[in-house]
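Residues -21 to -1, 1 to 268 in mature numbering (1 follows the signal peptide of the UniProt record, and there is no 0) are what the sequence shown spells out, letter by letter.
Note that CB positions come from ideal geometry on N, CA and C, so glycine has one too.
The structure displayed is predicted, hence computed values, not measured ones.
Below you'll find the structure, written out as structure tokens, and then a few comments.
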Amino acid sequence: MMRLLLLLAMAAALVACKREAEPAVAPTAPATSATAPAPGEGAAASARLEDVSESTSDYVIGISYQVPSERYPGLAAELRKYADAARADLMEAAKARSTPGGATSAPYDLSLSFTGLMETPDIVAVAADGSSYTGGAHGAPLIARFVWLPKQNRLLTAGELINTPAGWTAISDYVREQLHAALSQRVDADDLPPEERAEVVKNASRMIDDGTQPEPGDFALFEPMQAPDGRLSGLRFVFAPYQVGPYSDGTQTVEVPVEVLLPYIAPEFRTLFAVPSAPPAAASEPAPR
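Written out as structure tokens, the structure is:
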């Protein structure tokens, strides 16, 4: 009995010594600033746009981003949304192709590239160009333009930039004049017989007028034209195939100078544009002797 009590006393002493030797365990602390992402780092990571390359027996997808996306997370989100929508459309079409008897043509194809057009503290512009082939004679064009206002963290639309009917009428008239002139030059170069020439001009002219109605929807795609001082010297309006001409004419553009635009630009955006230089004064004739 005496021996048992002695053993119990020794065991208790060992437990007490062990407790004194071990440090107290603190509750698990959250990650410190050394391991936590720096402010804005998470947004930058989510803004990274990675190229896409996929290839199967049913489809081929290639998407490339050549833009400064990490500096503009909001813009990156818009670009990704456009690319995701184009990819989703192709994948949906590919489902039907992959069914038994559905593969009756070459694999479907999506090719899309984003490139930077302009980057200043006030404006960032990006072009999206490509095509999506889901059967038929040729692919459907994919054309978009993104004009970003970094200081306001949002896209700029044509309807905001010019918000009066008079402004769109002036722009429509100017653009139509340029497109009709270009049409005449192309038809003259083809050296068609008079009857055929008249028919081509008639049909193409109708497409020009239908595709350039004086409303922002027909001018939604535009690119800023940079002046030497960094502001805008005008806008380049972009028209996809079929909008103002047949597919064979491809994408067409018309540059509208600041002299035409400025009277109709919304007041809040006029500082983005360069002040038109005054036309040189007409030289006075020498007085008769």
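Where does residue i land, buried or exposed, given buried means 16+ other C-beta within 10 angstroms?
{"i": "residue 191", "result": "buried"}
{"i": "residue 134", "result": "exposed"}
{"i": "residue 167", "result": "exposed"}
{"i": "residue 250", "result": "exposed"}
{"i": "residue 48", "result": "buried"}
{"i": "residue 63", "result": "exposed"}
{"i": "residue 222", "result": "buried"}
{"i": "residue 224", "result": "buried"}
{"i": "residue 114", "result": "exposed"}
{"i": "residue 30", "result": "exposed"}
{"i": "residue 4", "result": "With a pLDDT of 34 at residue 4, under the threshold of 50, the predicted position of this residue should be treated as unreliable, though the coordinate-derived value follows. With fewer than 16 other Cβ atoms within 10 Å, it is exposed."}
{"i": "residue 145", "result": "exposed"}
{"i": "residue 197", "result": "buried"}
{"i": "residue 44", "result": "buried"}
{"i": "residue 116", "result": "exposed"}
Along the chain, where does the beta strand (DSSP E) that runs through residue i open and close?
{"i": "residue 148", "result": "Run containing residue 148: none in the beta strand (DSSP E); it sits in the alpha helix (DSSP H), 144 to 169."}
{"i": "residue 178", "result": "Counting along the chain, residue 178 falls outside any beta strand (DSSP E), though it belongs to the alpha helix (DSSP H) covering 173 to 190."}
{"i": "residue 106", "result": "103 to 112"}
{"i": "residue 98", "result": "87 to 98"}
{"i": "residue 213", "result": "211 to 218"}
{"i": "residue 348", "result": "Shown here, the chain extends from -21 to 268; a query on residue 348 therefore has no answer."}
{"i": "residue 41", "result": "38 to 45"}
{"i": "residue 233", "result": "231 to 236"}
{"i": "residue 271", "result": "The structure shown does not extend to residue 271, since the chain is modelled only from -21 to 268, so the question has no answer here."}
Output yes or no for whether 8 Å exceeds the beta carbon distance between residue i and residue j.
{"i": "residue 203", "j": "residue 102", "result": "yes"}
{"i": "residue 213", "j": "residue 195", "result": "no"}
{"i": "residue 95", "j": "residue 46", "result": "yes"}
{"i": "residue 51", "j": "residue 87", "result": "no"}
{"i": "residue 40", "j": "residue 76", "result": "no"}
{"i": "residue 231", "j": "residue 158", "result": "yes"}
{"i": "residue 219", "j": "residue 139", "result": "no"}
{"i": "residue 243", "j": "residue 143", "result": "yes"}
Our contact map puts residue i next to residue j with C-beta atoms below 8 Å; I'd like the distance itself, whole angstroms only.
{"i": "residue 215", "j": "residue 253", "result": "Not really, about 15 Å apart at Cβ, beyond 8 Å."}
{"i": "residue 91", "j": "residue 109", "result": "4 Å"}
{"i": "residue 97", "j": "residue 107", "result": "The pair is not a contact, with the Cβ atoms about 14 Å apart (cut-off 8 Å)."}
{"i": "residue 37", "j": "residue 73", "result": "5 Å"}
{"i": "residue 179", "j": "residue 200", "result": "Wrong, their Cβ atoms sit about 25 Å apart, outside the cutoff."}
{"i": "residue 54", "j": "residue 127", "result": "4 Å"}
Counting along the chain, where does the alpha helix (DSSP H) carrying residue i start and finish?
{"i": "residue 63", "result": "52 to 76"}
Compute every distance between the C-beta of residue i and the non-hydrogen atoms of the ligand GTP, then say whether any falls below 7 Å.
{"i": "residue 223", "result": "Among the components modelled here there is no ligand, and therefore nothing to report on the ligand GTP."}
The region 47 to 61 / the region 118 to 136 touching (three or more Cβ pairs under 8 Å): Between the region 47 to 61 and the region 118 to 136, the count of C-beta pairs closer than 8 Å reaches three or more; the two stretches touch.
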